[in-house]
Structure formats: C-alpha cells, structure tokens
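Trainee: Input: one structure, supplied below.
Chains as they are written, first to last, in the numbering used here: chain U, 1 to 511; chain C, 1 to 472.
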C-alpha cells in the first residue's frame with residue numbers, strides 16, 4: 001500500500017518535468033541541442049540547409065518541363081562559401097540557404113560546379129548571413145575504417161547519427177562515368193545521401209553523395225581538399241581526367257607468360273585504347289602495365305596507396321592529377337619494359353557519341369513537319385526508366401554499350417512523329433537513327449538545318465542508318481515550314497527547336 | 001483389334017491421339033540431353049494413309065504412339081516429313097491394321113470470317129475426344145512460335161484450343177479447314193489454327209520426296225502513303241503500291257528488283273499502299289501471296305519504276321540465311337570442348353539458355369550479333385559466330401578472367417568464322433607455349449598453357465562425363 005501511494009505521489013512531478021523539457025525543445029532548440037550533444041558543439045555553425053529548385057524535363061516530350069525540389073546539406077568553407085555536392089544542382093532555378101536549421105531562407109548563387117567531381121560551391125550576397133557561422137575543418141586525412149557521425153539539420157534539429165566506415169574504394173561516381181575515390185559507410189539511416197556531413201570529432205571527413213541499400217557513399221575529405229585546392233590554383237578549374245583505355249586483370253599465369261613477363265605475376269593487360277586518346281606509341285593493346293606514377297600495379301589492377309592502402313589504379317588518374325596532365329607509365333611491350341606517358345583526357349559528357357548526361361541545358365530537339373528529332377543520349381534513353389537498358393528500344397540502348405565502335409561524334413534519332421497531314425504515312429516511324437538528309441550527313445541536330453536547305457526538286461529526302469527497319473522517307477520541302485507551324489500550334493509547342501550552346505564545359509555558370 | 005463404333009460421326013473416326021516421348025539436347029552443355037518429356041497432341045488422317053499433325057507435337061520425339069478413336073491400342077508412328085517453319089508434320093504408320101475402318105478427311109478451303117468451325121482433339125483434362133465450337137474471328141499474318149522467326153497466314157477462333165489440341169483438325173462442313181496449333185498467353189477465348197492453304201502447300205512441296213519450305217522474295221516492303229513520296233515517284237494518287245525499302249541478299253531479287261520500286265501487283269493481287277492485298281475476302285500483308293508458291297516457281301510482279309509500269313517474273317527461292325535466328329529441331333547442336341572451354345555456335349536455341357532477358361547487359365552483345373549485325377554491318381558477319389558457352393572448371397582454366405557467354409574472335413591468330421576454324425586453330429602447331437584466345441567485341445585476351453591443356457583434356461572430359469570432345 002505504501003509503495004503504491006508513493007508512486008502515485010511522484011507521477012505528477014515526472015509528467016511536469018517531461019512537459020517542461022518538451023516546451024523548452026520547441027522554443028529553444030539550438031541551446032538545448034547544443035547542450036545535449038556536447039561532442040557536436042560548434043558544428044551547427046558550420047552546417048547549413050540548402051533548398052534547391054530545379055527544372056526537370058520529359059525527354060519523350062522535350063518541350064515540356066516541370067519543377068522539382070530537394071533539401072540537402074552544405075558545409076561552410078573559409079571565405080564565405082558553402083560546399084555541397086553537385087547533385088540536383090543541374091538545371092537549378094533557385095538555391096535557398098538556411099542556417100541553424102530554421103528561420104529565414106536566403107538566396108544563394110552557384111559559384112563553381114564540377115559534375116564529374118560531384119562538387120559545388122555556393123555563395124550569397126547577403127553578408128549578414130555569415131554572422132554566427134564558421135568554416136568547417138576538413139580533415140587532412142581520411143580514415144579508411146572505424147566510427148564516424150553523420151550530421152544534418154532535420155526538422156529544426158541538428159541530428160547526429162553514428163555510422164561505420166567500411167572502406168575507401170574507387171568506383172563510378174554518381175554523376176560521372178569515371179572512377180573516383182569514395183568513402184563507403186555502413187548505415188541504416190533513411191534519406192541519407194544528400195550532402196550530409198560525415199565527421200569524426202569536429203572534423204569533416206566526407207560529404208555523402210548516394211546511398212544504396214545499407215551502404216552510403218561519400219566524397220572523402222582528401223578528395224574534397226584536393227579539388228578545392230586545385231580550384232583555387234587554376235582558374236578555370238582544369239577538371240578531372242581519367243584513363244580512357246580498357247584494361248583487364250592478369251591473374252592468368254599463361255597470359256603473363258604469353259606477354260613475356262619474367263618474375264612475379266604483376267601488371268594488367270591493355271585491351272583497347274580509344275583512337276582519340278592514343279598518341280603514337282604511348283600505349284598499345286596488349287601492353288602490360290607494370291607501374292603507374294611510381295606505384296607498382298598488381299594483377300588485380302591495384303596499387304598500394306601510401307595514405308589509403310590498396311586501391312584500384314584508376315585512382316591514379318585523379319590522385320593530384322588533372323585533365324591534360326601526363327601520367328607516367330611503365331609497360332611491358334613485346335617482352336621489354338618501356339617507359340611512357342599517358343595524357344589524361346578530360347572527363348566530358350559530350351566527348352561520347354551517346355552522352356551520359358546533358359546538364360544545365362534544355363533537352364535539344366528539332367521539329368520539322370511533325371517529325372521530332374533529338375540527339376541520342378542517356379537522358380533520352382532514361383525516359384524509358386532507370387532500367388532503360390531493358391526497356392528502351394534495343395537498337396537505341398545498345399549504342400551505349402558499344403560506343404567505341406560508333407564512327408560518329410554523336411547521333412540524331414527520329415524519336416517520334418506528331419501526326420499531321422504533312423507526314424501522313426509515316427505515323428509509325430520512330431526510334432530511327434538518322435544517316436543523312438538531302439545528301440548531308442547528320443551528325444548533330446544542327447546539321448538538319450543545313451540538310452533542310454539542300455532540298456532538291458522541292459523534296460526532302462531522309463535516310464536512316466542501315467538496319468532492320470525503315471531506311472528512307474521523303475517529304476514535301478515546299479510545305480515543311482507551314483506544316484511545322486501547324487504542328488506547333490496544334491500540339492501547343494512554343495519553339496520548333498532547341499539547340500545546346502556550343503560550349504561543352506561549364507566553369508562559371510551564368511544565370 | 002477393336003472395330004470403330006458404327007454410330008460415330010465421321011470426323012472423329014479420323015482424329016488420332018498422339019503421345020510422344022521426346023528429349024531435347026541442352027544447348028549450353030550440348031553433349032547432354034534434358035530429361036525425357038512425355039506429351040500428347042492430336043492428328044488426323046488424310047488421303048494416302050498420311051497423318052497430319054503439328055511439327056511441335058513430334059519434334060525431338062524418341063517415340064511416337066498413335067491411337068484411333070475409342071481404340072485403346074497404341075500403334076507406332078514415325079515422321080515422314082516435318083515442316084518446322086509452318087509447324088506441320090506428316091506421320092506414317094506401318095501397321096495396316098491401324099487404317100482398317102478409318103476414313104481420311106478431305107481438306108477444304110479457307111473458311112470465311114464469322115463462319116462456325118469445330119475443333120476436334122485430345123486436350124488436357126480428360127482421355128476422350130473433345131469438340132469445341134467457335135467462329136473464325138479473323139484471318140491474317142501471325143508469327144509462328146514453333147520456329148520463332150517466321151510469319152504466315154493464321155486463322156483466329158474463339159473455339160477453345162488447349163494443350164493437347166495441337167495438330168487436331170478444325171472442321172467445317174465435314175472438311176478440314178485448319179490445323180489447331182497455338183494460342184497467345186494472357187488472351188482468353190483465343191486460339192489459332194493453320195489454314196489449309198499451308199497444309200496444301202506442304203503436301204504439294206513433298207510430292208518430290210523432299211520438303212523445301214516456303215520461298216521468300218527478299219525485300220523489305222513498306223507502306224507508300226505519303227503524298228510527297230508518291231508524287232516524287234510520279235505515282236497516281238490511287239492508293240495502290242507499296243515501296244521496296246531494302247533488298248536482302250537474294251541473288252535473283254537483287255538482279256531484278258531495285259530499291260524504290262513500287263509493288264503494284266503480286267501474283268495477280270493488287271497491292272494497296274499499306275502493303276496489303278485482298279486475299280479470299282481478308283485484307284492481309286502481301287507476303288501471303290508468295291506462300292502460295294513453291295521453291296523454283298516464278299511469281300509475276302507488276303512494278304512501278306521510273307514513272308512506268310513494268311512486269312517482272314521473279315523466280316522464288318528458299319532463304320536459309322536466318323536459320324540460326326529461329327528455333328532449330330532434330331539436329332543436335334555442334335560443339336567443341338577444349339581445356340574445359342565449351343564452344344558452340346551462337347543461335348536462338350543457345351540464347352534461350354541465358355538467364356534474364358536476351359537484351360540484358362550481359363547478353364546483349366550476343367543478341368546484337370545474332371539478330372542485328374547482318375542488317376547493320378553485313379560485311380562483318382561471320383558464317384557461324386562461335387560463343388564460349390561455359391567453362392568446365394579445371395586447374396588449366398582456373399585463372400581465366402572470362403566467364404563464358406562471350407564471342408570468340410581469334411584463336412592462335414586464326415579468325416573464327418565457324419566451328420571448324422576453331423578446331424583447326426587449336427590443332428595447328430606454333431612456336432608459342434600458349435594457346436591465345438581473343439574475344440570480341442571487348443578484345444579480352446586469354447591464354448591456355450598448351451602442354452598442360454592438352455594433357456588435361458582427357459581428364460576434363462572424363463570428369464564431366466563427356467564421351468566425345470566435339471560434335472561438328
């Protein structure tokens with residue numbers, strides 16, 4: 001009886017305590033959180049929230065657009081700048097920044113971006129914004145294992161969650177086709193991958209870039225420091241380079257013997273060197289790469305990095321090396337060791353005949369008498385879904401698999417036909433890669449303008465690449481413009497064409 | 001022997017139940033056979049003591065047993081002719097007793113759409129003969145799934161056609177108007193039968209004792225409905241004529257036809273601008289016309305060329321160039337095993353062994369090679385692309401990077417155009433201590449120690465139960 005009565009008497013006091021704490025949490029979140037998470041004290045002054053609004057496009061109807069929005073994180077750098085991942089900044093229309101996890105939003109400006117590095121720097125003109133903020137310390141070294149914390153603003157609260165570093169690896173980045181150094185972390189945290197800060201103590205060891213199942217990838221501090229320093233040293237930023245050649249592991253002793261290697265198994269076999277990256281004699285198929293930049297290469301294609309341990313040799317293309325740099329190689333060629341160099345080509349989406357991405361530009365298209373032409377690109381193929389290799393028309397998606405065999409700088413596809421009396425009879429023609437128009441080869445969309453001018457006898461003659469479907473069609477050249485305008489009016493399309501700017505790289509965006 | 005019931009209606013007396021025991025090879029382990037499969041179908045007797053059924057009922061059959069209507073006794077039958085392209089077969093039974101009291105069915109013509117037909121057969125779900133009544137819903141060109149890469153005239157009916165009905169007669173006015181053969185998964189009340197035009201073609205074809213098949217013209221014909229294109233070709237606006245868009249590698253066709261010729265008439269049928277003709281009251285693709293012709297016969301074509309109508313008599317031939325793109329039957333797959341590496345020709349049957357979709361990334365190089373290369377790069381095609389189908393694990397191949405399902409380009413410097421090249425390349429003596437294998441299109445390089453591999457070959461064959469290292 002006594003016990004019960006004692007408990008009863010205590011309950012109102014406990015409830016009161018909970019109520020007061022709750023009230024305090026609502027009214028003074030910063031103060032209370034700073035007190036609760038002592039190890040994070042100060043980090044709230046170095047992490048900001050970014051809200052990005054951007055345009056997205058439907059490549060099946062490239063003249064349409066919609067807006068999309070995402071909230072992600074940024075870290076404060078010295079010099080009143082904010083570092084974040086480049087992800088989702090493509091085609092942005094508005095950047096808003098918030099400090100302290102709540103309160104006013106301030107408009108930011110994109111100052112620098114590199115999609116292959118997946119890094120962006122943002123600044124803003126309102127000098128008052130920086131009051132109370134302080135630059136984060138980027139760790140000089142990136143740990144390759146052990147505990148770490150993810151820090152982000154969430155619902156007005158600076159959230160800190162434990163995660164565990166799995167390893168450092170070199171693999172394809174989220175926005176690029178090249179292999180870059182990445183920090184892999186084991187985590188169950190939901191919604192992570194949007195540039196959240198990964199810290200150990202008070203130091204930044206990475207910013208997250210993606211999450212797949214239970215593994216989160218982050219750009220490691222070493223990579224961040226390297227790119228930020230290079231950005232300061234060389235303007236414009238030279239960009240990341242990469243090894244464009246194809247190599248194969250050499251675990252097979254018979255292959256090494258065939259290549260006349262003496263001694264311990266080592267090296268990797270060069271299979272293919274794209275012609276545009278093959279200076280005479282620099283690197284040849286069936287070369288055995290033994291050493292890159294002074295590092296011995298094992299049969300798996302790995303080297304021993306003094307900072308990170310065993311990594312893929314692909315990392316040596318971005319380890320303090322930039323597009324245009326010469327990388328030193330030692331190869332075994334017809335049984336003799338040869339010292340040579342390889343000039344790193346710049347990672348550039350447009351260098352590919354079927355580009356992986358087309359950022360910061362409206363989708364290109366051209367409508368001619370209801371025939372819709374578009375450049376063949378991965379974003380176009382992705383309009384069939386992320387599983388486009390299965391779902392897109394095979395002959396189009398397969399171009400992404402054998403790019404090296406394509407003999408054109410880019411491809412133009414007749415993507416669809418907007419039915420009109422002008423194009424009667426061709427309603428089913430689509431997904432055809434163009435070869436020529438009126439005798440002019442069509443390598444890019446703008447070639448169609450010249451092709452159109454070359455009409456003969458009042459007719460347009462279009463030829464498609466040799467294949468298993470329609471090879472040719474003809475149209476009345478005297479009626480094309482009238483039909484185009486009729487189609488635009490009928491289908492509610494503002495412009496008959498959109499072409500990309502001539503420049504392919506973007507160092508300082510102008511908006 | 002039991003006599004047939006006197007009161008039975010005549011068609012069912014001629015309908016035959018067929019049971020088979022069949023066994024297919026395994027295309028990714030081509031020395032091996034899958035387990036024996038028992039299945040049943042239907043057939044019917046026609047003149048000359050011939051039994052008509054579907055090719056797919058008796059393909060790969062090790063044993064064929066036939067039973068008469070309400071007679072429990074099985075008789076042994078064998079395939080006299082088989083036409084995989086149109087999914088028909090002719091069986092024969094040696095035992096005279098089988099035919100006692102049986103009457104052959106008469107073969108009729110193409111039934112009109114909306115007319116009533118009755119299918120006879122022995123479908124799953126019971127032992128007795130089954131009858132289902134329906135109407136002919138439509139008649140047009142359909143893909144024949146047994147071969148996989150051919151389309152012929154087919155009639156659609158709402159009469160139930162189920163597994164076991166295959167090969168059974170579709171009857172109208174006591175005459176056979178078709179042979180039940182396939183359905184489309186997911187479609188209800190939809191079955192297809194082979195019209196008698198194809199059955200008659202088969203019967204005429206085999207009169208010389210050899211089945212040749214259906215000839216083709218070898219052109220890609222496309223609609224010609226755009227006014228500008230028609231004007232450019234100076235064609236009248238009469239909605240007639242389809243354009244020759246491409247000519248395939250058919251010698252006579254290449255000689256007599258040209259690209260942009262407009263086909264106005266074929267075998268007496270007027271060709272509409274969408275490439276169709278009116279065939280027995282049905283609007284169907286003009287290709288149906290050529291299916292009425294036999295190998296070596298000549299089809300008269302009326303063509304529009306350079307503003308004038310001309311007549312061309314085109315000799316027709318059988319095209320075998322796309323054989324590997326279709327399913328193949330009754331011919332065991334070719335293979336060669338060397339150092340545990342299993343090589344086999346690339347064909348549709350091998351593609352069917354691949355996990356996942358044919359166009360999945362791991363398989364799409366093979367898919368392209370089989371179905372697209374000849375269209376896009378005809379000068380680069382090989383007579384018989386050879387694929388490294390699998391690797392039988394052994395010490396001599398333990399460290400290969402390649403995991404199989406890859407096309408072989410060269411062995412010891414010899415370009416592999418067909419299986420025989422492969423054997424020759426491995427057998428030829430060189431100074432090299434390795435066999436050097438190059439794959440395509442990725443140029444992967446693999447080597448096998450020459451002495452160790454050749455020494456290991458017998459034990460690899462023994463370990464994996466392969467009696468012969470090759471079937472060529």
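We put the CB at the ideal spot given by N, CA and C, even for glycine.
Please report the distance separating the alpha-carbon of residue 103/C from that of residue 429/U.
Mentor: Working through the second chain from its first residue, we reach residue 103/C at position 103. Working through the first chain from its first residue, we reach residue 429/U at position 429. Cα-Cα distance, rounded: 53 Å.
Trainee: Would you say residue 326/U and residue 304/U are within 9 Å of each other, going by their C-beta atoms?
Mentor: As a working mapping, residue 326/U is identified with position 326 in the first chain. As a working mapping, residue 304/U is identified with position 304 in the first chain. Going by C-beta atoms, residue 326/U is not nearer than 9 Å to residue 304/U.
Trainee: Out of 438/U, 61/U, 124/U, 332/U, state which residue places its alpha-carbon closest to the alpha-carbon of residue 290/U.
Mentor: Working through the first chain from its first residue, we reach residue 290/U at position 290. Of the candidates 438/U, 61/U, 124/U, 332/U, the one whose C-alpha sits nearest the C-alpha of residue 290/U is 332/U.
Trainee: What residue range is occupied by the uninterrupted beta strand (DSSP E) comprising residue 220/U?
Mentor: Walking along the first chain from the start, residue 220/U turns up at place 220. Taken as a continuous stretch (DSSP letters only), the beta strand (DSSP E) holding residue 220/U covers 215-220.
Trainee: Since residue 192/C contacts residue 154/C with CB under 8 Å, what's their CB separation in whole angstroms?
Mentor: By 1-based counting over the second chain, the position of residue 192/C is 192. By 1-based counting over the second chain, the position of residue 154/C is 154. Residue 192/C to residue 154/C, Cβ: 5 Å. Contact.
Trainee: So, residue 111/U versus residue 87/U, is the Cβ gap smaller than 9 Å?
Mentor: Along the first chain, read from residue 1 onward, the residue named residue 111/U stands at position 111. Along the first chain, read from residue 1 onward, the residue named residue 87/U stands at position 87. Going by C-beta atoms, residue 111/U is not nearer than 9 Å to residue 87/U.
Trainee: Count the other CB atoms within 10 Å of the CB of residue 385/C; is the residue buried (16 or more) or exposed (fewer)?
Mentor: In the second chain, the residue the question calls residue 385/C occupies position 385. Its Cβ being crowded by 16 or more others within 10 Å, residue 385/C is buried.
Trainee: Quick check on the DSSP output: what are the complete beta strand (DSSP E) runs of length 3 or more inside the stretch 126-176 of chain U, in order along the chain?
Mentor: With a minimum length of 3 residues, the continuous beta strand (DSSP E) runs that stay inside the stretch 126-176 of chain U are 146-154, 157-172.
Trainee: Quick check on DSSP: helix, strand or coil for residue 98/C?
Mentor: Taking the second chain and counting its residues from 1, one reaches residue 98/C at position 98. Three-state result, residue 98/C: helix.
Trainee: What beta strand (DSSP E) runs, 3 residues minimum, are completely inside the stretch 251-304 of chain U?
Mentor: Complete beta strand (DSSP E) runs here, min 3: 268-272, 288-292.
Trainee: With residue 477/C and residue 423/C assumed to form a contact (beta carbons below 8 Å), what rounded beta-carbon distance in angstroms separates them?
Mentor: Shown here, chain C extends from 1 to 472; a query on residue 477/C therefore has no answer.
Trainee: Pull up the distance between the alpha-carbon of residue 504/U and that of residue 241/U, whole angstroms please.
Mentor: Numbered from 1 along the first chain, position 504 holds the residue referred to as residue 504/U. Numbered from 1 along the first chain, position 241 holds the residue referred to as residue 241/U. Per-residue confidence for residue 504/U stands at a pLDDT of 39, beneath the threshold of 50, marking its modelled position as unreliable; the derived number appears in the next sentence. One C-alpha to the other measures close to 15 Å.
Trainee: Tell me the start and end of each unbroken alpha helix (DSSP H) in the stretch 343-420 of chain U that is at least 4 residues and wholly inside, in chain order.
Mentor: Taking only runs of at least 4 residues, the alpha helix (DSSP H) segments lying wholly in the stretch 343-420 of chain U are 378-381, 388-391, 394-397.
Trainee: Whose Cβ in chain C lies nearer than 7 Å to the Cβ of residue 254/U?
Mentor: Numbered from its first residue, the first chain carries residue 254/U at position 254. Simply 434, 447, 448, 449.
Trainee: So, is the C-beta of residue 382/U closer than 9 Å to a C-beta in chain C?
Mentor: Mapped onto the first chain, residue 382/U falls at position 382. Chain C contact via Cβ: absent.
Trainee: Alpha helix (DSSP H) containing residue 203/C: first to last residue?
Mentor: Here residue 203/C refers to the residue found at position 203 when the second chain is read from its first residue. Residues 196-205.
Trainee: Could you tell me whether the Cβ of residue 468/U comes closer than 9 Å to any Cβ of chain C?
Mentor: By 1-based counting over the first chain, the position of residue 468/U is 468. Closer than 9 Å: yes.
Trainee: Under 9 Å, Cβ to Cβ, is there at least one residue of chain U near residue 375/C?
Mentor: What you label residue 375/C is simply residue 375 of the second chain in a count that begins at 1. Residue 375/C counts as touching chain U.
Trainee: Alpha carbon to alpha carbon, how far is residue 132/U from residue 221/U?
Mentor: Start at 1 with the first residue of the first chain, and residue 132/U comes out as number 132. Start at 1 with the first residue of the first chain, and residue 221/U comes out as number 221. The straight-line gap from Cα to Cα measures roughly 24 Å.
Trainee: First and last residue of the beta strand (DSSP E) that includes residue 436/C?
Mentor: Counting from one through the second chain, the residue named residue 436/C turns up at place 436. Segment 434-440, the beta strand (DSSP E) holding residue 436/C.
Trainee: At what residues does the alpha helix (DSSP H) containing residue 487/U begin and finish?
Mentor: One-based indexing of the first chain puts residue 487/U at position 487. Unbroken alpha helix (DSSP H) run through residue 487/U: 480-491.
Trainee: So who's on the other strand from residue 116/U, going by DSSP bridges?
Mentor: Here residue 116/U corresponds to residue number 116 of the first chain, with the count starting at 1. Answer is none; residue 116/U lacks a bridge partner.
Trainee: Can you tell me where the beta strand (DSSP E) with residue 253/C in it begins and where it stops?
Mentor: Mapped onto the second chain, residue 253/C falls at position 253. Per DSSP, residue 253/C belongs to no beta strand (DSSP E); it is in the alpha helix (DSSP H), 251-256.
Trainee: Rounded to whole angstroms, what is the Cα-Cα separation between residue 293/C and residue 316/C?
Mentor: By one-based count along the second chain, residue 293/C stands at place 293. By one-based count along the second chain, residue 316/C stands at place 316. Whole-angstrom Cα-Cα distance: 8 Å.
Trainee: Strictly under 9 Å for the Cβ-Cβ distance: is residue 442/C near chain U by that measure?
Mentor: Here residue 442/C refers to the residue found at position 442 when the second chain is read from its first residue. Cβ-Cβ to chain U under 9 Å: yes for residue 442/C.
Trainee: Considering only residues of the same chain and omitting the five flanking positions on each side of residue 429/C, which have a CB-CB separation below 8 Å?
Mentor: On the second chain, residue 429/C is found 429 positions in, with the first residue counted as 1. So no residue of the chain qualifies.
Trainee: Which residue's Cα is closest to the Cα of residue 323/U: 309/U, 163/U, 307/U, 348/U?
Mentor: In the first chain, the residue the question calls residue 323/U occupies position 323. Closest option to residue 323/U, Cα to Cα, is 348/U.
Trainee: What does the Cβ neighbour count give for residue 237/C, buried or exposed, with the cut at 16 atoms within 10 Å?
Mentor: Stepping through the second chain from its first residue, residue 237/C is reached at position 237. Result: exposed.
Trainee: Quick check on this structure: which residue in 369/U, 364/U, 384/U has the alpha carbon closest to the alpha carbon of residue 375/U?
Mentor: As a working mapping, residue 375/U is identified with position 375 in the first chain. Out of 369/U, 364/U, 384/U, 364/U has the C-alpha closest to the C-alpha of residue 375/U.
Trainee: Using the DSSP secondary-structure output, state which residues sit across from residue 300/C in a beta bridge.
Mentor: Here the question's residue 300/C lines up with position 300 in the second chain. Paired residues: 313/C.
Trainee: Does residue 26/U have its Cβ less than 9 Å from a Cβ in chain C?
Mentor: Counting from 1 along the first chain, the entry for residue 26/U is found at position 26. Low per-residue confidence applies at residue 26/U: pLDDT is 31, beneath 50, and the placement is therefore not dependable enough to give any value.
Trainee: Whose C-beta lies closer than 6 Å to the C-beta of residue 518/U among residues of the same chain, with five residues either side of it excluded?
Mentor: In this structure chain U extends from 1 to 511, so residue 518/U is not present and cannot be described.
Trainee: The alpha helix (DSSP H) with residue 231/C in it runs from where to where?
Mentor: The residue given as residue 231/C occupies position 231 in the second chain. Residue 231/C -> alpha helix (DSSP H) spans 227-232.
Trainee: Quick one: which unbroken beta strand (DSSP E) runs of 3-plus residues sit fully inside the stretch 66-103 of chain U? Chain order, please.
Mentor: Qualifying beta strand (DSSP E) stretches, in chain order: 81-84, 92-99.
Trainee: Which value, in whole angstroms, describes the spacing of the CA atoms of residue 54/C and residue 39/C?
Mentor: Here residue 54/C refers to the residue found at position 54 when the second chain is read from its first residue. Here residue 39/C refers to the residue found at position 39 when the second chain is read from its first residue. Each residue's alpha carbon lies about 13 Å from the other.
Trainee: Given a threshold of 16 other Cβ atoms within 10 Å of its Cβ, counted over all protein chains shown, does residue 472/C qualify as buried or as exposed?
Mentor: Along the second chain, read from residue 1 onward, the residue named residue 472/C stands at position 472. Classification for residue 472/C: exposed.
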